[in-house]
Amino acid sequence: ESFGHVCTAAAEEVANNCEVLEAKACDEAIGGTSDMLCTCEQPAAAVDQPPLATTASPPSPGEDSARVVSVVGATLAPNAAQPSCSEPSTWPDLKEGVTCELCTALVLTEPYGGRCDRYC
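This note's numbering puts the first residue of the sequence shown at 290, with every later residue one more than the last.
The structure is reproduced here in structure tokens:
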């Protein structure tokens, strides 16, 4: 986990692009190549994350007596159809700057033993 994300998919690509040649498991080494496609998402919830701070504000004039509560530092869990990740163009060790849709990028294999779980 080089940048705090978790691997959700791994693959060998066709020709330095986003086309999948062969899907792999995240913890499976992709050998015989200098690059791999990794799909990396932000974890849904960190186990050791501190409790979130909350703030309450009184209702505005005309509102009912319910208080408005804001959660400081909250993030929404990723939607299954729309993965959540940092901008792939900012990820480390991209190959030729190739990024794909849905939190996927073409990355160098060597620093991570060819494994996307180690990359993410």
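Beta carbons: idealized from backbone N, C-alpha and C, even for Gly.
Just so it is clear, the structure is predicted and the values come from calculations on it, not from any experiment.
Under 7 Å: does the beta carbon of residue i sit that close to some heavy atom of the ligand ADP?
i    : result
L326 : As presented, the structure is devoid of all ligands, the ligand ADP included, so that no description of it is given.
Report the three-state DSSP secondary structure of residue i (helix, strand or coil).
i    : result
T379 : helix
E317 : coil
C374 : coil
E399 : helix
C405 : helix
How many whole angstroms separate the CB atoms of residue i and residue j, which I take to be in contact at a CB cut-off of 8 Å?
i    : j    : result
S323 : P381 : Contact flag wrong, Cβ pair sits at about 15 Å.
A394 : P377 : 4 Å
Measuring CB to CB, does residue i end up less than 8 Å from residue j?
i    : j    : result
L310 : C389 : no
C307 : D406 : no
I319 : E330 : no
L391 : T328 : yes
N305 : E385 : yes
E317 : A299 : yes
C374 : C296 : no
Per DSSP, which residues does residue i bridge with? Please list them.
i    : result
T388 : A394
D324 : L397
C296 : C329
A312 : A300
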